[in-house]
Amino acid sequence: MVDVPLGPGGVVAPTDIDDVELYHPHSWVTKYVFAQDAKVIAIQYALVALSVGLIALVLSWLMRLQLGFPGVFAFIDANAYYQFITMHGMMMVVYVLTALFLGGFGNYLIPLMVGARDMVFPYVNMLSFWVYLLAVLVLVASFFAPGGPTGAGWTLYPPQAILSGTPGGQEWGIILMLASLMIFIIGFTMGGLNYVVTVLQARARGMTLMRMPLTVWGIFTASFMALLAFPALFVGAVMMLFDRIFGTSFFMPAIVEMGQPLDRSGGSPLLFQHLFWFFGHPEVYIVALPAFGIVSDLISTHARRNIFGYRMMVWALLAIGALSFVVWAHHMYVSGMNPYFGFFFATTTLIIAIPTAIKVYNWILTLWRGNIHLNVPMLFALAFIVTFVNGGLTGLFLGNVVVDVPLSDTMFVVAHFHMVMGVAPILVIFGAIYHWYPKVTGRMLNDTLGKIHFWVTFLGAYLIFFPMHYLGLMGIPRRYHDIADMSFVPQSAHTLNAFITIVALFVGAIQMIFVFNLFWSLRHGRPSGGNPWRATTLEWQTPETPPPHGNWGKEVPVVYRWAYDYSVPGADQDFLPQNQPGTARTAAGPAHG
Amino acid sequence: MVDHALTGVATSAESSGLKSVAADFSSDRKAFRNVSWGKAMMWIFLLSDTFVFSCFLISYMTARMSTTVPWPNPSEVFALTIAGKSLPLILIAIMTFVLISSSGTMAMAVNFGYRRDRRKTAILMLLTALLGATFVGMQAFEWTKLIHEGVRPWGNPWGAAQFGSSFFMITGFHGTHVSIGVIFLLIIARKVWRGDYDSQARGFFTSRKGNYESVEIMGLYWHFVDLVWVFIFAFFYLW
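Residue numbers (the numbering used here), protein chains in the order written: chain E, 463 to 1055; chain Y, -2 to 236.
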């Protein structure tokens, strides 16, 4: 850190700290275990998140077994079923998707893409991972706690979440869940501050905000949103812990449990729903925006075309981020609200369709007449667009109050959110891993295995979730342990459920190909070289692959152009890296950059 | 400037008003010129923390409005009988005064920090910490008094149970913030006193060299905690 000189008047002006020297690890432990290098932290985050994802996958199998073949598997009783649902949902949304996009891709890509040597606070960044790991351990511990994990549904609505009728409600489950969430939020805050400040304050020379790759924009916006959205969940978790442990009545109205009136009164269950969804809706976009950003870069790179409407893409990201904070109550149309609220929230919800549509148009216009290479990352990116549009369209149904009311709590909702924030972001995660794996390891993932993985996952996801729309329209409720004896459910619904289960088992098992590919290619993959996709962004221009601690060797790169100079007329190759001097193509890019 | 040639964007020195804001944001390297990493991080953290306290206060207000039984009158609950006279909110008034005063000493510490006056900076920070500790001590006194009078998180003798729950939760959370602040004030005061920021000594955990700006960053946090107290004072005690 440079010494700050005394300015006029003998006062040190709050000057800039120009160059913070890197922390240099001295031992194996500080290099790979308690590592402060963002790239190592990213891999740690990603491995833990993927492991949690595998647990969540198994849980989804168990749920599907019960739904497809009710009564066949005796160990899945109603309590176990609800526990599987709850843990699957919470794990996927918070501990897999959020952690993987922000902690995993954020840590790896932000410093490399903006031309920094590391995150701004490597030590805090390291703490972030270990706190996250603690949160995961507390969460997983609830499987072994007396009474098992909570079965309150991932939304944890009180009062049922802390009553004895719900598994884990009066035992350890709900306490561990809430504690784990609070720990996660503390850990995320440490990481999130790093991501945001690194993007804002630690870019390379020449890297203006409007030259940043959209991946960075997406992760940055999502991190910032998470810093503002997680507080609501934190407060909700604190209050529910008080209700559960100290017997307060924040969320507990006067209530009768098992015929006995409880000593509670005057609380508001709706208050929790507001707090939860003030977090929960931005959370959808915290997962979606990094996916948007990554997909933009994948499409542009693999179609060898500059992204269409870069500025619009950036503003659309920011607009979606801002709007997502004023739509939360569209999750509560059937909770009992003033009808004017419903009107307001339906309007804001539908307005989000505008920036989202801009993004989809721009992706398609980027592809238009592009030199499309159907590499595995590109396949996943294209599949994302299709899936996201599909999920977005059903979102229009659910955003309207009158259409939503009959569809609420049916399998239609399950189909919608799995398409839009389950399958779609996971396709992007796969695509991104296929895309950046060469940078992380120096070797390509196996292409054939990748294509098998892609087609089974993509088509399989449709076979699983598309029929759920029909189930929902038939009125099949979600979160029901056993619908076998309901007279209104036709036989076809049962057949469909069994079909979905079989496909889900198959598609889940095929994911093992991907896991195998990850480990196999580590040693046997084709050496990739530094820039196998011939991409423009800075992470592909590192002097060594995989990049060492400090990323850039002696010289930090200087940026001369935006991230999307592909197929520039007159250039001797079809891409111009961001750190290549020369005149930028002004007509296609931002006018001055 | 090199940056100018590189990005084609005017620097803030060449423009004024809104244009300079735009110039800052479209500059390379830093969106906020003259703001160090540490300070930027603290500001963004405080923004996030603002959301935490806002959620607490809004939840408390919702609870207060939706309870079915009357809310205890804070002026009576928080009254002390001194020399035979019942003075409403007297303790809270003193606590508020103490905390606001500590903001004053903190501001002076920041000033002397940038003047590199180690002794005065350290003394003023210690004074700030002392005032903060006094605040926490008085809060502990208030908690003890209320607990003796029968206030619990799950109920109290005078009305809505949410009174006690909100009181302990919000003041507890704020008190934790003040206590953490006191600890960090002591740590940074020690560093200033030892001259760590002049001798470029490395931090124990981060192994980075410190800087007198730490005093100001600490000050940001401290002023924030004070400001939050003003809102708690207004919404919990005065309402």
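Virtual Cβ for every residue (Gly too), placed ideally from N, Cα, C.
Residues of chain Y with CB closer than 7 Å to the CB of residue i, please, in chain order.
i, result
"E/Pro693", "Ser45, Phe48, Val49, Cys52"
"E/Tyr485", "Ser204"
"E/Val697", "Val49, Cys52, Phe53, Ser56"
Quick one: list the residues of chain Y neighbouring residue i, beta-carbon separation under 8 Å, in chain order.
i, result
"E/Phe738", "Chain Y residues near E/Phe738: none, gap ~11 Å exceeds 8 Å."
"E/Leu662", "Lys27, Ala28, Phe29, Ala37"
"E/Met554", "Within chain Y, no residue comes near E/Met554; the closest Cβ sits about 24 Å away, beyond 8 Å."
Can you list the residues of chain E that residue i reaches, using a CB-CB cut of under 8 Å?
i, result
"Y/Met215", "By Cβ distance, chain E contributes nothing, its closest Cβ being about 14 Å from Y/Met215, past 8 Å."
"Y/Gln159", "Thr710, Ser711, Phe712, Gly728, Gly729"
"Y/Pro150", "Phe704, Phe708, Gly709, Thr710"
"Y/Ala60", "Phe712, Gly728, Gly729, Ser730, Leu733"
"Y/Ser176", "Neighbours of Y/Ser176 on chain E: none; closest Cβ ~16 Å, over 8 Å."
Specify the secondary structure class of residue i as computed by DSSP and reduced to three states.
i, result
"Y/Leu86", "coil"
"Y/Arg191", "helix"
"Y/Arg149", "strand"
"Y/Glu73", "helix"
"Y/Val(-1)", "For Y/Val(-1), the predicted structure reports a pLDDT of 44, less than 50, and the residue's modelled location is therefore unreliable. A value from the coordinates is still provided. DSSP places Y/Val(-1) in helix when its eight states are reduced to three."
"Y/Asp223", "helix"
"E/Thr1048", "Residue confidence is low: E/Thr1048 scores 45 on pLDDT, short of 50, so the model does not pin down where it sits. Its coordinate-derived value is still stated next. E/Thr1048: coil per DSSP, three-state reduction."
"Y/Glu139", "helix"
"Y/Asp25", "strand"
"E/Gln1042", "coil"
"E/Asp480", "With a pLDDT of 49 at E/Asp480, under the threshold of 50, the predicted position of this residue should be treated as unreliable, and no value is reported."
"E/Val885", "helix"
"E/Gln498", "coil"
"Y/Arg112", "coil"
"E/Arg579", "coil"
"E/Thr872", "strand"
"Y/Tyr234", "helix"
"Y/Lys206", "strand"
"E/Arg673", "helix"
"E/Pro939", "strand"
"Y/Arg30", "coil"
"Y/Arg61", "helix"
"Y/Lys199", "Before going on, a small fix: residue 199 of chain Y reads as Arg here, not Lys. DSSP places Y/Arg199 in strand when its eight states are reduced to three."
"Y/Leu217", "helix"
"E/Leu625", "coil"
"E/Ile547", "helix"
"E/Pro929", "helix"
What does residue i reach in chain E if we use C-beta pairs closer than 9 Å?
i, result
"Y/Ala80", "Those within 9 Å of Y/Ala80 in chain E number zero; the least Cβ separation is about 36 Å."
"Y/Val66", "Ser727, Gly728"
"Y/Trp219", "Going along chain E, no residue has its Cβ under 9 Å from Y/Trp219, so there is no contact; the nearest lies around 17 Å."
"Y/Phe42", "Thr651, Leu655, Leu689"
"Y/Met122", "None at all; the shortest Cβ gap to chain E is about 17 Å."
"Y/Ser196", "In chain order: nothing, as chain E lies at least about 11 Å away."
Round the Cβ separation of residue i and residue j to the nearest angstrom and send it over; I've been treating them as touching at under 8 Å.
i, j, result
"E/Ser870", "E/Val789", "Actually they are not in contact, since the Cβ atoms of E/Ser870 and E/Val789 sit about 16 Å apart, beyond 8 Å."
"E/Met702", "E/Phe713", "6 Å"
"E/Gln506", "E/Pro611", "Actually they are not in contact, since the Cβ atoms of E/Gln506 and E/Pro611 sit about 24 Å apart, beyond 8 Å."
"Y/Lys27", "E/Gln663", "5 Å"
"Y/Phe160", "Y/Trp68", "6 Å"
"E/Tyr747", "E/Ile769", "Incorrect: roughly 20 Å between the Cβ atoms, too far for contact."
"E/Pro752", "E/Phe567", "6 Å"
"E/Gly861", "E/Leu812", "6 Å"
"E/Leu889", "E/Phe928", "Not really, about 15 Å apart at Cβ, beyond 8 Å."
"Y/Met38", "E/Phe583", "7 Å"
Based on the DSSP output, what are the partners of residue i in its beta bridges?
i, result
"E/Phe1037", "E/Tyr1028"
"Y/Ile79", "Y/Lys82"
"E/Pro723", "E/Val718"
"E/Arg905", "E/Pro989"
"E/Pro611", "E/Gly635"
So with CB distances below 7 Å, who are the chain E contacts of residue i?
i, result
"Y/Thr203", "Tyr585"
"Y/Ser211", "Simply none; closest approach about 11 Å."
"Y/Met105", "Those within 7 Å of Y/Met105 in chain E number zero; the least Cβ separation is about 14 Å."
### Message
When you compare the region 649 to 665 of chain E with the region 589 to 599 of chain E, are there three or more beta-carbon pairs, one atom per stretch, that lie closer than 8 Å?
### Response
They touch, by the three-pair rule.
### Message
Within 8 Å, do at least three Cβ pairs link the region 686 to 700 of chain E to the region 113 to 123 of chain Y?
### Response
These segments do not touch.
### Task
Could you say if the region 830 to 848 of chain E and the region 761 to 780 of chain E meet the contact criterion of at least three C-beta pairs nearer than 8 Å?
Yes: the two stretches touch, three or more of their Cβ pairs being nearer than 8 Å.
### Task
Answer yes if the region 143 to 162 of chain Y comes into contact with the region 183 to 194 of chain Y, meaning at least three C-beta pairs across the two stretches below 8 Å, and no otherwise.
In short, these stretches do not touch, since the Cβ pair count stays below three.
### Query
Are three or more beta carbon pairs between the region 195 to 209 of chain Y and the region 482 to 494 of chain E nearer than 8 Å?
With the cut-off at 8 Å, the region 195 to 209 of chain Y and the region 482 to 494 of chain E touch.
### Message
Is it the case that the region 525 to 540 of chain E contacts the region 940 to 951 of chain E, given that we only count it when at least three CB pairs across the two stretches are under 8 Å?
### Response
In short, these stretches touch, since the Cβ pair count reaches three.
### Task
Assess, as a yes-or-no matter, whether the region 966 to 975 of chain E is touched by the region 514 to 527 of chain E under the definition of 3 or more beta carbon pairs within less than 8 Å.
The region 514 to 527 of chain E makes contact with the region 966 to 975 of chain E; the number of CB pairs closer than 8 Å reaches 3 or more.
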